[in-house]
Amino acid sequence: MKKILIVDDEPYVQEMLADFLQMIGYETETADNGLVALEKFKKFQPDLAIVDLKMPVMNGVVFCEKLFLDHPDFPVLIITAFLHDYEPEALLALGVKEILTKPVDFDDLKKAIEKGLS
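Quick note: the sequence shown, position 83, residue 83 per full-length UniProt numbering, numbers continuous.
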């Protein structure tokens with residue numbers, strides 16, 4: 001079973017994503033900021049991460065920068081309600097595989113996950 005790390009500071013978003021992903025056959029782990037996510041990454045060893053951008057302690061961009069230092073090809077999907085605060089081209093150049101906006105369409109999310117894991 002493939003494993004997905006969900007990184008979002010909103011508990012209801014974590015729960016909604018985890019429920020959907022488990023329903024379609026993935027094992028999940030959640031983290032509420034990038035710092036916690038880096039620790040959970042080591043233990044959980046996910047196959048893909050779904051990451052919000054705006055979070056306390058360590059935001060999604062810094063999380064990706066740190067993650068990609070040791071795992072440059074690791075698949076990360078960004079899901080954010082605040083894309084206007086970021087440059088999508090810069091996120092993709094950093095190594096992010098896909099950027100989706102909240103509220104996320106589950107069909108689009110499923111396709112992005114399948115693409116990221118292929």
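The C-beta atom is built at its ideal place from N, Cα and C for all residues, glycine as well.
All values reported here derive from a predicted model rather than from experimental measurement.
Rounded to whole angstroms, how far is the Cβ of residue i from the Cβ of residue j, which I believe are closer than 8 Å?
i: residue 16; j: residue 34; result: Between residue 34 and residue 16 the Cβ distance is about 20 Å, and since that is not below 8 Å, they are no contact.
i: residue 5; j: residue 31; result: 7 Å
i: residue 3; j: residue 46; result: 4 Å
i: residue 58; j: residue 27; result: The Cβ separation is near 24 Å, so there is no contact.
i: residue 60; j: residue 69; result: Not confirmed; about 15 Å, so no contact.
i: residue 50; j: residue 79; result: 6 Å
i: residue 75; j: residue 117; result: 7 Å
i: residue 40; j: residue 29; result: 6 Å
i: residue 64; j: residue 94; result: 6 Å
According to the neighbour-count rule (16 or more other Cβ atoms, all chains shown, within 10 Å of its Cβ), is residue i buried or exposed?
i: residue 14; result: buried
i: residue 21; result: buried
i: residue 110; result: exposed
i: residue 97; result: buried
i: residue 107; result: exposed
i: residue 37; result: buried
i: residue 92; result: exposed
i: residue 82; result: exposed
i: residue 8; result: buried
* Asked: Taking only runs of the beta strand (DSSP E) that begin and end inside the UniProt domain "Response regulatory" (3-117), which ones reach a length of at least 3 residues, in chain order?
  -> 3-7, 27-31, 48-51, 76-80 and 98-101
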